[in-house]
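Chemist: Handing you this structure, nothing more for now.
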Amino acid sequence: MAQSLNVSRRGNSLSGQSTVEFAIIAVVAMFVLFLGIQFALLGNAALAVGQLAYQGSRYASINSSLPPSTLQNNISAMASPTIAGNGLTVNVTFQTPIVQTVTSVTVQVTFSAQRLILLPNPFFGVPFPSTLSSTNIALVD
72 MAQSLNVSRR GNSLSGQSTV EFAIIAVVAM FVLFLGIQFA LLGNAALAVG
122 QLAYQGSRYA SINSSLPPST LQNNISAMAS PTIAGNGLTV NVTFQTPIVQ
172 TVTSVTVQVT FSAQRLILLP NPFFGVPFPS TLSSTNIALV D
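Here the working numbering is used: the first residue of the sequence shown is 72, the next is one more, and so on.
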């Protein structure tokens, strides 16, 4: 009988140990989860900025007869809902040709990612980018 009581006490002790271990692991897991979600949001926005710069440079190269302000408005309208709205800047510039037959257009897209940062910046020493930008150059048809 005395032995069965000792086994039962030992079982309670191990149960408390596993609870403490779970609490420690849960904190680390939540830290990694929050960082993963934050970087997923920023990665999605970075992909959208890069795609808009690429798509915008192709659009501007085909429609080079339009004024730059119209091109900027039209390119901004093509933006993904993730980055559309405030904080999005599109710049379109045509390069002066060195050779008369070759002209290029440069589209630079800049996005202020402050509204996508949900955690304190920096989060336990991990900084998040507050501005995302991409530049793409295309030859004018």
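Glycine included, every Cβ here is placed at the ideal spot set by N, Cα and C. In this text the structure is predicted, and so the values were computed from the model without any measurement.
1. Given this structure, state the Cα-to-Cα distance separating T141 from L203, to the nearest angstrom.
2. Anyone know if the C-beta pair for F182 and F110 falls short of 9 Å?
3. For V98, which three-state DSSP category applies?
4. Among G114, S128 and S175, which has the Cα closest to the Cα of N207?
5. Would you kindly check if the distance between the Cβ of N115 and the Cβ of T153 is under 9 Å?
6. Measuring CB atoms only, is the stretch 150 to 164 touching the stretch 117 to 125, in the sense that at least three cross pairs come out at less than 8 Å?
7. Determine, using beta carbons only, whether S175 and V161 come nearer to each other than 9 Å.
8. To the nearest angstrom, report how far apart L76 and V197 are at their CA atoms.
9. Is it the case that the Cβ atoms of S205 and Y125 are separated by a distance below 9 Å?
10. Buried or exposed: which applies to L190, given that a residue is buried once 16 or more other Cβ atoms fall within 10 Å of its Cβ?
Modeler: Looking at the atomic coordinates:
1. 23 Å
2. no
3. helix
4. S128
5. yes
6. yes
7. no
8. Note that L76 has pLDDT 49, beneath the 50 cutoff, so the model's placement of it is unreliable and the number below is only indicative. If you take the alpha carbons of L76 and V197, they lie about 50 Å apart.
9. yes
10. exposed
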